[in-house]
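Only one structure is covered here, and it is reproduced in the block below.
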Amino acid sequence: MRQQFRYRSAWLLGMSLLCTLLLSSCAFPGLATTSATLPQVSQQPTKTELPPIHFPQDEGAHNNLTEWWYYTGHMQATDTKGKQHTYGFELVFFQALRSNLPAVYPAHFAISDITRGEFHYDQRRVTQFAGPAPNGQSTQGINAHVGNWSIQGLNGQDHLVASMQDYAIDLSLTGLKPATLHNGNGLITYGLGGFSYYYSRTRMEVAGTLLDHNQPLKVTGTAWMDHQWGNFLTLGGGGWDWYSIQLNNKTEIMLYFIRDATGKTISTYIGYTDADGKAFVLPEQSLHATVLAKWTSPTTGITYPSGWRIDIQDPHLQASLTIDPLLKNQELVVQNSTGNVYWEGAVKIAGQSNGHPIAGEGYVELTGYTK
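Here the sequence shown is numbered in the working numbering, starting from 24 and rising by one per residue.
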């Protein structure tokens, strides 16, 4: 939801708050009514007088209009009978602050049960009158709660807890690389739209417990984390396709395509993190993408792309990758929390990178698609 923003969600807090939020044009990843959520990005770091990101102070909550912590990942487990299980997961918390209105905290939790061939998700939203957030001054890290779901973390050592019918997670995540500051310095500005800070932990080791239909399983895996915050609002209609790619040569790619309200691609972003953790922004012209298949939701009737060929030709990275969903149906219909419908799911990756065979895993987010 993402390098230049995943503008995560128009909040519903009763009719009066909803009207207020609609008037302020607030939206987030997964929200179909966006276009400036992922604004066009300069190939050079943004020059600004805003303060730089500091760790661990900026890991926690801020007194800004919009903020989210977003985790996706892949996990494996072996049950007591020796059967192998494979899963994808998504856990995201949003924070929306508007004047003296109550703070709004929507959250989504999803499990892609690859072994069963099933996708399950849940949504929550709480409102509360909260005191001022630490606003980048605390050294205590992340400490966010939506009901009994929680995200806690400090210096890339994070802990996730969430549950729904048939599934629950209790996971410890460890960052294996320094945080990647998007756009070079982790700061994006776009005129009247506002500004956003944005960083990712592109490779986190996962260990913990997954409760699968009351069966506790010890899981291991790899996750991706996004944290974005700022005084930004969205400016119009459209959508985007966003990809996080983790390859088995210890490199990562984040890319997205932004579409306007007519469906035309108006901006492309490619971020590459090498095996040593050094981050690069690659030129737009180095990327070519082809949709290989489509899938139509039996729930909403929306048709999404469902399989891609990605070609990147740059001195830092020469890659040809095929990306396939591990499940066709990974659609979230979350009108009760963020007022929107989007597809976000686990994918597998195969191809070549810098002349060598490569494999990997990742997540893809698709927004702005309508029936």
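Glycine is no exception: its CB is placed at the ideal position from the N, C-alpha and C atoms.
With hydrogens ignored, establish whether the beta-carbon of residue i is closer than 7 Å to any heavy atom of the ligand NAP.
| i | result |
| --- | --- |
| Asp249 | Ligands are entirely absent from the displayed structure, and the ligand NAP is therefore not among its contents. |
Thinking C-beta only, is residue j closer than 8 Å to residue i?
| i | j | result |
| --- | --- | --- |
| Gly353 | Glu367 | In the sequence on display, residue 353 carries Gln and not Gly. Yes, these two residues count as a Cβ contact at 8 Å. |
| Phe132 | Ala185 | yes |
| Gly385 | Ser195 | no |
| Ile281 | Gly261 | yes |
| Arg121 | Ser360 | no |
| Leu177 | Pro79 | yes |
| His97 | Ala369 | yes |
| Gln99 | Gly244 | yes |
| Tyr279 | Tyr295 | no |
| Glu82 | Gly164 | yes |
| Asp189 | Leu389 | no |
| Gly170 | Leu350 | no |
| Thr197 | Ala302 | no |
| Phe112 | Ile192 | yes |
| Thr313 | Thr319 | no |
| Ile137 | Thr109 | yes |
| Trp172 | Ala130 | yes |
Please report the straight-line C-alpha distance between residue i and residue j, rounded to a whole angstrom.
| i | j | result |
| --- | --- | --- |
| Pro328 | Asp347 | 10 Å |
| Gln238 | His143 | 16 Å |
| Ser135 | Lys106 | 17 Å |
| Asp299 | Arg332 | 26 Å |
| Leu199 | Met227 | 6 Å |
| Leu396 | Thr150 | This structure gives no information on residue 396, because the portion of the chain shown stretches from 24 to 394. |
| Asn123 | His85 | 15 Å |
| Leu13 | Met187 | Given a span of 24 to 394 for the chain in the structure shown, any question on residue 13 remains unanswerable. |
| Ala382 | Ser376 | 9 Å |
| Pro157 | Lys317 | 44 Å |
| Asn363 | Asp145 | 14 Å |
| Val304 | His182 | 30 Å |
| Gly207 | Gln308 | 19 Å |
| Gly391 | Tyr365 | 8 Å |
| Leu114 | Gly378 | 35 Å |
| Pro201 | Leu355 | 31 Å |
| Ile335 | Pro380 | 15 Å |
| Leu88 | Phe116 | 14 Å |
| Gly159 | Ile76 | 9 Å |
| Gln118 | Ile289 | 28 Å |
| Gly330 | Gly286 | 18 Å |
| Thr393 | Val387 | 17 Å |
| Thr101 | Phe218 | 45 Å |
| Leu340 | Leu270 | 12 Å |
| Lys241 | Gln180 | 18 Å |
| Asp283 | Ser161 | 38 Å |
| His311 | Ile174 | 36 Å |
| Leu315 | Pro321 | 20 Å |
| Lys371 | Val229 | 18 Å |
| Pro306 | Thr323 | 36 Å |
| Leu46 | Ala342 | In this predicted model, Leu46 has a pLDDT of only 30, less than 50, meaning its place in the structure is not dependable; the value taken from the coordinates is given anyway. Computed Cα separation, rounded: 43 Å. |
| Asp297 | Pro74 | 26 Å |
| His236 | Tyr128 | 28 Å |
| Phe3 | His205 | Residue 3 lies beyond the residue range present for the chain, which begins at 24 and ends at 394; the question has no answer from this structure. |
Check the DSSP bridge columns for residue i and list the partner residues they point to.
| i | result |
| --- | --- |
| Pro306 | DSSP output for Pro306 lists no bridge partner at all. |
| Lys371 | Asp347, Glu384 |
| Ala246 | Gly96, Met227 |
| Gly198 | Met227 |
| Leu120 | None; Leu120 has no bridge partner. |
| Ile137 | BP columns for Ile137 are empty, so no partner. |
| Lys287 | In the DSSP output, where bridge partners are listed per residue, Lys287 has none listed. |
| Asn166 | Gln175 |
| Lys317 | Pro328 |
| Thr296 | Glu275, Ala302 |
| Thr390 | Beta-bridge pairing links Thr390 to no other residue. |
| Ile76 | Paired residue(s): none; Ile76 is not in a bridge. |
| His143 | Ile134 |
| Thr203 | Ser223 |
| Gly262 | Arg282 |
| Ser267 | Met277, Tyr386 |
With a threshold of 8 Å between beta-carbons, can residue i be considered close to chain C, or not?
| i | result |
| --- | --- |
| Thr288 | No chain C appears in the structure shown, which is made up of a single protein chain. |
* Asked: Contact between the segment 217-231 and the segment 273-280: three or more CB pairs below 8 Å?
  -> Cβ pair count under 8 Å is three or more, so yes.
* Okay, do the segment 242-256 and the segment 84-95 touch, 3+ Cβ pairs below 8 Å being the bar? -> yes
* **Completely contained beta strand (DSSP E) runs for the segment 210-243, where each covers 3 or more residues** => Counting only runs of 3 or more, we get 210-212, 218-235.
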